[in-house]
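Student: Following this message is one structure expressed as structure tokens.
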Amino acid sequence: MKKLSALLLAFAFPSLATTAVEGISVNHLTSLHSTGPVGWPTAGKPFAPPIYNAERDQLLGLSYFGYKGETAPSMWGLTPVRGHYFALAKEVAGVVGFAEHPTEDKLYSIDLKGNILSVHSDGSNKVILFDNTEEELNNRPNVQPIFDNQERLLFIDTDHKTYSRLMRLEKDNTLTELYRFNNNPHGDFTAAGGMLLSGNILYGYLGYPRGIPHLNTLSIDDDFIVGALYAVELGENPIAALPLIHEFTLSQGEVPWHTRSGDEGRIATYLVEDEAGYLYGSTTVGSCRTKGIISYSGKAIGFASGLCGGDSQVHNVIEKNERLIHTEYPHYEGSNPHGSLFRIKKDGSEFNLLHTFDGENGSQPRGPMVITDTGFLYGTTMSGGIHKSENTQVLEGNEYPTHPGNTTFDGTIYRLNLADIQIENGQIIESGFEHVHSFKAGIAEDSDGKVPTGLMLAENGKLYGTTLYGGRGYSDQYGGTFLADNRGTVFEVDLSGITPTGSVSISITPGNAQLGEEVEVTWSSHNAADCVAIGGADVGDWVPDGQIEPQGSIKISPESGIYTFTINCRDADVGARLGALSTLYVNAEAKIKQEETLSYGNGGALGWVWLIVLAALTRLRTRAKH
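Note that numbering that gives the first Met the number 0 numbers the sequence shown so that position 578 is 577, with each residue one more than the last.
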């Protein structure tokens, strides 16, 4: 058997980044790489948390391009343990994630061509539901789509500068414009943010452009209206009027409106509802840019400020074009540069800012939030925290950048203990806020990402998310070794506090083969024991539902079909389940028929019994720990 290279084994070490709340662990699962490590597919930056498929125990996500633009696989899958991700589909690049169909086993999304698409919940059978060849929709969505009570897709269409409108995809795949937002009291463009459906009432954000700080801002008055929340009952017909339940002032924080340019600036703010009927949400800065000067020409222009955790173009010299930000951090005009968390009744009453971030405990809360059944709200901030890093690929032999002007804060995870919130006479006595985790990019062994994009609560009780930047090192297919990557990561928030120390990975090259073509299946593990092979083909060392060595490699040329290779192991230290999955297509298109759904194993009992034993072990260790 062949051994996996030492470099790939280096990916297996656990994240050592400090998590501030006892009983919670934040674990790096994988890093996405645009140039493709040896044996890995290429992938780009993920702008949204992944979806979890409980049947397959698999995460699915979308990325914004890969290597060579849209020709690279941009839909990816990952067994939620540390290891390889695998490519699922090409030309599905996107900056919004998936919406799960309420009754059918399908996921919906909108790609960067403006096409509305669906895939089976295992990532197969991509179908274009609305073809945007005629460019009826803008090709740069930034708000997560959702389903209404009639199983129709609701989404925001915007060009990010002149219009935003609420759209509905009908069951016959035609479009209906439900409302064109024109509520800006200042007479400018109205931006639209994240949506929440409660019963048949749709709630959402509106953002009113204030201008780029220090460059063309309309006002710096704390009472200046910068956005709103709306609540409207949905019907069959377009909406005649849009009732507002709250207007945000500058002191309360802005709603993102400058979402056209700048990667991190595209991420929206969202709402979540608790059992008592309160809505929770966040405010941030409206634009992630600020005034800069092109020194050789003296021209003032909007540059990335770094406040959102993205590029910080301070004294950045590119040949003769010297550019600089003309103000000190946070490069913002206003009393609330880092953003706030709020709570409000659904009728618009009892609005309160629960927490205002100070930078060290987070900055720019954006992306989907979740509420667990234990009464905690979890979310992420794009910036802030205790770590400050550059967004860069670092080639071996080069130093990691340390210039303070070119580094930005890496972002955080926070939570609110909803039961602890105390408000008396409109005053916050106790906010319930806790800083959970500071992300860390760079070349360190414990790096886990930079600029998180929100969270998703999975059926297994864990939270999953992605970061835009901050990937770990790798060796690409051209022989280059990188100590850090400027693409993002996938991470897990384990609320049990159990941090696995081992990992398992599988690589299939090529993953989509022709009949008769030789395919190499390579697997590896670190600090793992009792490994079992599930699925695939009975070839050589790979015997489905049988014990398998911790690492190895086989070459196969199977018949036409779809083969799912899975390894499940036990963490040698904490007993938690470890696993990895990858799918091989041989002269086969993925099918959507239920009987052809990709699944673990081949019906043998050993794999499932073994999984149950591992789950029991994990529960016992969890109880012992607590």
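Even glycine gets a Cβ: it sits at the ideal position worked out from N, Cα and C.
Sort L352, D130, P208, V503 by Cα distance to T161 and report the nearest one.
Tutor: Your numbering for residue 161 matches position 162 in the sequence shown. If we check each option's Cα against that of T161, P208 comes out closest.
Student: Per DSSP, what kind of secondary structure is A19 in: helix, strand or coil?
Tutor: Numbered from its first residue, the sequence shown carries residue 19 at position 20. Correct three-state label for A19: coil.
Student: On the premise that S437 lies in contact with G384, defined as a C-beta separation below 8 Å, what is that separation, rounded to the nearest angstrom?
Tutor: In the sequence shown, counting from the first residue as 1, residue 384 sits at position 385. In the sequence shown, counting from the first residue as 1, residue 437 sits at position 438. Yes, G384 and S437 are in contact; Cβ-Cβ is about 3 Å, under 8 Å.
Student: What residues in its chain sit with their C-beta under 6 Å from that of L153, if we drop five residues either side in the sequence?
Tutor: The residue you call residue 153 lines up with position 154 of the sequence shown. I145, D147, R167.
Student: Going by beta carbon distance, what residues of the same chain come within less than 8 Å of T483, once the five residues before and after it are set aside?
Tutor: Working through the sequence shown from its first residue, we reach residue 483 at position 484. Checking the sequence shown, residue 483 turns out to be Ala, not Thr. For A483, where only same-chain residues beyond five positions count, the Cβ hits under 8 Å are T391, Q392, V393, Y399, A440, G441, I442, S446, G469, G470, R471, G472.
Student: On the CB-based measure, 16 or more other CB atoms within 10 Å of its CB, does N137 come out buried or exposed?
Tutor: As a position in the sequence shown, residue 137 is number 138, starting the count at 1. N137 comes out buried.
Student: Three Cβ pairs or more, each shorter than 8 Å: is that satisfied between the segment 558 to 577 and the segment 524 to 538?
Tutor: Because the criterion of three Cβ pairs below 8 Å is met, the segment 558 to 577 and the segment 524 to 538 touch.
Student: Which term fits V126, buried or exposed, when burial requires 16 or more other beta carbons within 10 angstroms of its beta carbon?
Tutor: Against the sequence shown, residue 126 aligns to sequence position 127. Classification of V126: exposed, given that the 10 Å Cβ count is below 16.
Student: Leaving aside the five residues before and after P140 along the sequence, list all residues of the same chain whose C-beta is less than 6 Å from its C-beta, in chain order.
Tutor: The residue labelled residue 140 in the question sits at position 141 within the sequence shown. The answer, listed in chain order, is V95, I109.
Student: Report the partner residues of N390 according to the DSSP bridge assignment.
Tutor: Counting from 1 along the sequence shown, the entry for residue 390 is found at position 391. N390 pairs with nothing; no bridge assigned.
Student: In the structure shown, what three-state DSSP assignment does G264 receive?
Tutor: Residue mapping note: residue 264 aligns to position 265 of the sequence shown, counting from 1. It is helical.
Student: Considering Cα atoms alone, identify which of T157, E133, E135 is closest to Q143.
Tutor: Here residue 143 is taken as the residue at index 144 of the sequence shown, counted from 1. Ranking the options by Cα distance to Q143, first place goes to T157.
Student: Could you give the DSSP three-state label for N656: helix, strand or coil?
Tutor: A query on residue 656 cannot be resolved here, the shown segment of the chain reaching from 0 to 625 and no further.
Student: If you reduce the DSSP assignment to three classes, tell me which class E588 lands in.
Tutor: Locating residue 588 in the sequence shown gives position 589, counting from the first residue. A caution first: E588 carries a pLDDT of 49, below 50, which makes its placement in the model unreliable, though a value can still be read off. Reduced to three states, the DSSP call for E588 is coil.
Student: Using only alpha-carbon positions, find the residue among A579, S556, S559, A575 that is nearest to Q550.
Tutor: Taking the sequence shown and counting its residues from 1, the one referred to as residue 550 is at position 551. Per the Cα distances, A579.
Student: Roughly how many angstroms separate the alpha carbons of K298 and H330, rounded to a whole number?
Tutor: Reading the sequence shown from its first residue, position 299 is the one you call residue 298. Reading the sequence shown from its first residue, position 331 is the one you call residue 330. Roughly 18 Å separates the two Cα atoms.
Student: In or out: K554 buried (at least 16 other Cβ within 10 Å) or exposed?
Tutor: Counting from one through the sequence shown, the residue named residue 554 turns up at place 555. Exposed: under 16 other Cβ atoms inside 10 Å.
Student: Check each candidate in G305, P49, N526, L31 and name the one with the smallest Cα separation from R457.
Tutor: For the purposes of this step, residue 457 is taken as residue 458 along the sequence shown, with counting starting at 1. Looking at the sequence itself, residue 457 is Ala, so the reference to Arg does not match. Checked all of G305, P49, N526, L31; the closest Cα to A457 is P49.
Student: On the CB-based measure, 16 or more other CB atoms within 10 Å of its CB, does Q627 come out buried or exposed?
Tutor: In the structure as shown, the chain starts at 0 and stops at 625, and residue 627 therefore has no counterpart that could be examined.
Student: Just the Cα atoms here: how many angstroms apart are R365 and L353?
Tutor: Residue mapping note: residue 365 aligns to position 366 of the sequence shown, counting from 1. Residue mapping note: residue 353 aligns to position 354 of the sequence shown, counting from 1. Answer to the nearest angstrom: the Cα atoms are 16 Å apart.
Student: With C-beta atoms as the reference, is G301 less than 8 Å away from L214?
Tutor: If you number the sequence shown from 1, residue 301 lands on position 302. If you number the sequence shown from 1, residue 214 lands on position 215. Against a cut-off of 8 Å, the Cβ pair of L214 and G301 comes out as a contact.
Student: Of all the options F46, S260, G276, which has the alpha carbon lying nearest to the alpha carbon of W285?
Tutor: By one-based count along the sequence shown, residue 285 stands at place 286. In the sequence as displayed, the identity of residue 285 is Gly instead of Trp. Checking every option, the nearest Cα to that of G285 belongs to S260.
Student: Which residues does DSSP list as the beta-bridge partners of R414?
Tutor: Translated into the one-based positions of the sequence shown, residue 414 becomes position 415. According to DSSP, R414 bridges with Y377, E433.
Student: Who are the Cβ neighbours of L177 in its own chain at under 6 Å, not counting the five residues just before and after it?
Tutor: Along the sequence shown, read from residue 1 onward, the residue named residue 177 stands at position 178. Excluding residues within five positions, the ones whose Cβ falls inside 6 Å are L165, R167, P237, I238.
Student: Rounded to whole angstroms, what is the Cα-Cα separation between S382 and A227?
Tutor: Within the sequence shown, residue 382 is the residue found at index 383, counting from 1. Within the sequence shown, residue 227 is the residue found at index 228, counting from 1. Near 23 Å, if we compare the C-alpha coordinates of A227 and S382.
Student: Should T521 and S552 be called a contact, given that it needs their Cβ atoms to be closer than 8 Å?
Tutor: If you number the sequence shown from 1, residue 521 lands on position 522. If you number the sequence shown from 1, residue 552 lands on position 553. Closer than 8 Å, so yes.
Student: Taking only three categories from DSSP, how would you classify D419?
Tutor: Within the sequence shown, residue 419 is the residue found at index 420, counting from 1. Reduced to three states, the DSSP call for D419 is helix.
Student: Roughly how far, in whole angstroms, is the beta-carbon of F341 from the beta-carbon of T379, given that I think they are within contact range, below 8 Å?
Tutor: Reading the sequence shown from its first residue, position 342 is the one you call residue 341. Reading the sequence shown from its first residue, position 380 is the one you call residue 379. The Cβ separation is near 16 Å, so there is no contact.
Student: Within this structure, are the beta carbons of P367 and Y277 separated by less than 8 Å?
Tutor: On the sequence shown, position 368 is the one that residue 367 refers to. On the sequence shown, position 278 is the one that residue 277 refers to. No, Cβ-Cβ distance for P367 and Y277 is not below 8 Å.
Student: What distance in whole Å lies between the Cβ atoms of S24 and A42, which are believed to be in contact at a cut-off of 8 Å?
Tutor: As a position in the sequence shown, residue 42 is number 43, starting the count at 1. As a position in the sequence shown, residue 24 is number 25, starting the count at 1. With a Cβ gap of about 25 Å, A42 and S24 do not count as contacting.
Student: Given a cut-off of 8 Å, decide if A86 and V118 are closer than it, judged by their beta-carbon atoms.
Tutor: Taking the first residue of the sequence shown as 1, we reach residue 118 at position 119. Taking the first residue of the sequence shown as 1, we reach residue 86 at position 87. The answer is no: Cβ separation not under 8 Å.
Student: Got a sec? Which residues, its chain only, sit under 6 Å from N315 by beta carbon, not counting five neighbours each side?
Tutor: Numbered from its first residue, the sequence shown carries residue 315 at position 316. The predicted model places N315 with a pLDDT of 48, which falls under 50 and marks its position as unreliable, so this point remains unresolved.
Student: Could you check the C-alpha separation between F626 and S388 for me, to the nearest Å?
Tutor: The question about residue 626 has no answer here: the residues shown for the chain are numbered 0 through 625.
Student: Alpha carbons only, please: which of I211, D273, D372 is nearest the one belonging to P336?
Tutor: Indexing the sequence shown from 1 puts residue 336 at position 337. Ranking the options by Cα distance to P336, first place goes to I211.
Student: Give the secondary structure of Q546 by DSSP, where H, G and I count as helix, E and B as strand, and everything else as coil.
Tutor: As a working note, residue 546 is residue 547 in the sequence shown. Q546 falls in the strand class under three-state DSSP.
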